[in-house]
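Residue numbering for the sequence shown follows our numbering, starting at 159 and increasing by one per position.
Everything below concerns the one structure shown next.
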Amino acid sequence: MQEEIKTFPLDNSSFLGVLSNSFQEFIKSGTSRSTAKLKPLHGAIAQDLAERLGADYDVFSQGYKAGKEVKIKGRYIDKAVDITVKKGDQVVAGLSIKFVMQNYSQNSNNYFENMLGETANIRCGNCPYFQIFIILDKLPYYQRSGILSKWESFTEHNVQKYIMLSHDNADVYYHTPNKTLIYIVHIPENDNLCNNREYMDYYRSLNPSFTLTEHEYSHFGSSVILNDYELFIEKVYHTIKAL
C-alpha cells in the first residue's frame with residue numbers, strides 16, 4: 159500500500175513519502191529495468207514544480223498529466239529529459255533524476271561522468287539544467303546470477319567528487335548543473351538476505367518508509383544541496399522565474 163502524500167507543495171517529509179512509493183514500485187516489479195519506479199517520483203516532482211510555477215508554465219514528465227518526456231535542444235544532440243519546463247513554446251529548464259538502489263560501485267563513475275556530459279550538452283544550448291541524485295546509504299551488490307555478494311555503503315569517499323563539483327561556479331563551468339540535490343536515504347537493514355529474490359520479497363512484505371541517512375558528510379559548496387528538497391526546489395523555482 160502506497161503512503162498518502164500530503165497536498166502540494168511537497169516538503170522534505172512528504173518527499174520522503176514519494177521516495178518510499180517509488181521504492182515500492184521498484185520491488186513490486188522485481189527488476190531495476192522497469193520504469194514503474196519512475197512514475198511516482200518524476201510525476202510528483204513535476205506536479206510540485208508545476209503548481210509552484212503557475213499556469214504560465216507547462217511541465218512534462220512521466221507520471222504527470224500526459225505522462226511523457228519531451229526533448230530539449232542541446233548543443234550537440236537533442237535529448238528527452240526526465241522533467242522539462244516550458245513557457246509557451248520555449249523550453250526554460252530541465253531536470254534529470256537518478257535514484258540508485260543497487261550495484262552502485264560498478265557504476266559510480268559512469269553516473270557522474272554521464273551527469274557532467276548531459277549537463278554540458280543542455281546548458282551549452284542555453285537552457286538551465288538541474289540534477290537530483292538519490293541513493294540508499296546501504297545498498298545490495300548483486301552478481302549476475304542474482305546472488306547478493308556484499309552490501310555497499312555510500313561513504314565519505316563516494317561524495318568527494320560531488321563536493322568538488324559543489325565548489326564549481328556554474329556560470330563558468332557549463333558541465334556543472336545550475337543546482338544539484340544529493341538525497342541520501344535509509345531503510346531498515348537485513349544483513350541475512352542472500353539474493354535478489356529474497357531482497358525483493360523481504361521489502362515487499364515490510365513496506366518500509368524512508369528516512370534521511372544519519373551518516374555525516376563533509377560540507378558542500380553552494381552548487382550542491384544535501385538532503386533538503388525544499389531548498390532545492392525553491393532554487394529551481396527562482397531560477398526559472400528570473401529568466
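Where a beta carbon is used, it is the ideal one built from N, C-alpha and C, also for glycine.
Note that the structure is a prediction, hence the values are computed from the model and not measured.
Let me know if residue i comes out buried or exposed under the rule of 16 or more other beta-carbons within 10 Å of its beta-carbon.
i    : result
S303 : exposed
M322 : exposed
Q160 : The predicted position of Q160 is uncertain, since its pLDDT is 49 and thus under 50; a value taken from the coordinates is nonetheless stated next. Burial call: exposed.
D206 : buried
F240 : Note on residue identity: the sequence assigns Asp, not Phe, to residue 240. Its Cβ being crowded by 16 or more others within 10 Å, D240 is buried.
T242 : buried
S172 : buried
Y234 : exposed
E271 : exposed
T165 : exposed
S178 : buried
V394 : buried
S192 : exposed
Among residues of its own chain, excluding the 5 on either side of residue i, which ones have a beta-carbon nearer than 6 Å to its beta-carbon?
i    : result
E227 : A238
R369 : Here the sequence assigns Thr to residue 369, which means Arg is not the residue at that position. Result list for T369: H344, in chain order.
P298 : Q260, L306, Y357
T277 : Y287, H333, P335
Quick one: give me the first and last residue of the beta strand (DSSP E) that residue i is part of.
i    : result
F288 : 287-294
L168 : Where L168 is concerned, there is no enclosing beta strand (DSSP E), given that its DSSP letter is neither H nor E.
V343 : 337-344
V394 : Looking at the DSSP string, V394 is not in any beta strand (DSSP E); the run it does join, the alpha helix (DSSP H), is 387-399.
I383 : 382-384
Pull up the DSSP beta-bridge partners for residue i, would you.
i    : result
F257 : I292
Q248 : K245
S311 : K296
D216 : K244
N353 : I305
A238 : K229
T369 : H344
Y222 : S219
Which residues in the same chain have their Cβ closer than 7 Å to the Cβ of residue i, if we skip the five residues on either side of it in sequence?
i    : result
S264 : What sits at residue 264 in the sequence shown is Gln, not Ser. Within the same chain, Q264 has no close Cβ partners at all.
For the alpha helix (DSSP H) containing residue i, name the first residue and the last one.
i    : result
S266 : 266-281
K197 : 196-211
In chain order, what residues of the same chain lie with their CB nearer than 8 Å to the CB of residue i, ignoring the 5 residues before and after it?
i    : result
V250 : Y215, V243, K244, C285, P286, I398, L401
H200 : S219, Q220, G221, Y222, D240, I241, I255
- Query: If you pair each beta-carbon of the stretch 360-369 with each one of the stretch 313-321, do three or more pairs fall below 8 Å?
  - Reply: Contact fails: fewer than three Cβ-Cβ distances are below 8 Å.
- Message: Across the stretch 286-293 and the stretch 248-263, are there enough close Cβ pairs to call them in contact, namely three or more that are closer than 8 Å?
- Response: Judged by Cβ distances under 8 Å, the stretch 286-293 makes contact with the stretch 248-263, as three or more pairs qualify.
- Message: So, does the stretch 381-398 touch the stretch 195-202, judging by three or more C-beta pairs under 8 Å?
- Response: Between the stretch 381-398 and the stretch 195-202, the count of C-beta pairs closer than 8 Å stays below three; the two stretches do not touch.
- Just checking, does the stretch 273-287 make contact with the stretch 331-344 on the three C-beta pairs under 8 Å criterion? Flag = yes, the stretch 273-287 and the stretch 331-344 touch.
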